[in-house]
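Residue numbers (the numbering used here), protein chains in the order written: chain G, 132 to 222; chain F, 132 to 222. Glycine included, C-beta positions come from ideal geometry on N, C-alpha and C.
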């Protein structure tokens with residue numbers, strides 16, 4: 132059985148690595164804000180995402196937080212101000 | 132009955148307003164990353180937070196996303212790299 136997770140990723144990564152982090156994350160999740168991605172992925176893919184990011188970042192300087200819910204229904208999302216959904220302009 | 136919500140706030144706010152947003156949010160929530168706060172607050176306080184932020188930001192330029200869960204147990208948090216918990220150095 133494939134377990135789907137709803138994942139929010141927020142990152143604070145040094146400028147020299149941030150485009151690499153974004154380019155990596157956009158293969159799996161939707162860009163929602165300058166420093167945040169979200170989306171639904173399987174547990175296996177989530178493990179892959181964490182391994183991939185671990186290779187890109189410097190764990191002594193950068194920070195990535197993952198918030199995961201077993202379903203999007205447990206998490207309500209509200210936006211104040213502009214809602215971004217396009218990453219192409221910054222990568 | 133007071134309903135407690137577990138709230139994650141991620142923001143992308145112009146530099147001239149970002150300290151005001153941080154100073155406001157730290158009255159209610161815990162700073163967890165450069166652009167993210169989290170914590171448990173009541174529904175009433177959450178409404179107050181949204182009203183306060185609406186007054187600070189420029190909704191045509193800035194973006195704030197709120198992810199809320201009815202309880203922290205529905206949301207798992209994992210950190211890769213450094214874990215921040217101190218805001219005093221930047222405000």
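So with Cβ pairs under 8 Å, would you call residue 200 of chain G a contact of chain F? Position 69 of the first chain, counted from the first residue, corresponds to residue 200 of chain G. Yes - at least one Cβ of chain F is within 8 Å of the one on residue 200 of chain G.
Report the three-state DSSP secondary structure of residue 200 of chain G (helix, strand or coil). For the purposes of this step, residue 200 of chain G is identified with residue 69 of the first chain, where counting begins at 1. Residue state, collapsed to three classes: strand.
Taking residue 151 of chain F as the reference, give the member of F:139, F:160, F:184 with the closest Cα. Here residue 151 of chain F refers to the residue found at position 20 of the second chain. Ranking the options by Cα distance to residue 151 of chain F, first place goes to F:184.
For the putative contact between residue 171 of chain F and residue 137 of chain F, defined by C-beta atoms under 8 Å, what is the C-beta separation to the nearest angstrom? To locate residue 171 of chain F, count along the second chain from 1; it is residue 40. To locate residue 137 of chain F, count along the second chain from 1; it is residue 6. At roughly 5 Å, the Cβ-Cβ gap stays under 8 Å, so residue 171 of chain F and residue 137 of chain F are in contact.
Tell me whether residue 192 of chain F is buried or exposed, calling it buried when 16 or more other Cβ atoms sit within 10 Å of its Cβ. Against the second chain, residue 192 of chain F aligns to sequence position 61. When all chains shown are included, residue 192 of chain F counts as exposed.
Environment of residue 196 of chain G [buried if 16+ CB atoms lie within 10 Å]: The count along the first chain starts at 1 and reaches residue 196 of chain G at position 65. That one is buried.
Tell me whether residue 133 of chain F sits in a helix, a strand or coil according to DSSP, three-state version. One-based indexing of the second chain puts residue 133 of chain F at position 2. DSSP places residue 133 of chain F in coil when its eight states are reduced to three.
By how many angstroms is the C-alpha of residue 173 of chain F removed from the C-alpha of residue 133 of chain F? As a working note, residue 133 of chain F is residue 2 in the second chain. As a working note, residue 173 of chain F is residue 42 in the second chain. One C-alpha to the other measures close to 6 Å.
Looking at C-alpha atoms only, which residue of G:199, G:204, G:211 is the closest neighbour of residue 206 of chain F? Within the second chain, residue 206 of chain F is the residue found at index 75, counting from 1. Closest by alpha carbon: G:199.
Excluding the five sequence neighbours on either side, which residues of its own chain have a C-beta within less than 7 Å of the C-beta of residue 166 of chain F, listed in chain order? Residue numbering aside, residue 166 of chain F sits at position 35 when the second chain is read from its first letter. Cβ neighbours of residue 166 of chain F beyond the five flanking positions: 141, 142, 143.
How would you call residue 163 of chain F, buried or exposed, if buried means at least 16 neighbouring beta carbons within 10 angstroms? Position 32 of the second chain holds residue 163 of chain F. With 16 or more Cβ atoms within 10 Å of its Cβ, residue 163 of chain F is classed as buried.
So which of G:212, G:156, G:186, G:157 has the shortest CA-CA distance to residue 182 of chain F? As a working note, residue 182 of chain F is residue 51 in the second chain. That would be G:212, whose Cα lies nearest to the Cα of residue 182 of chain F.
Going along the chain, which unbroken runs of the beta strand (DSSP E) with 3 or more residues stay wholly within the region 136-216 of chain G? 161-164, 167-173, 194-200, 207-212
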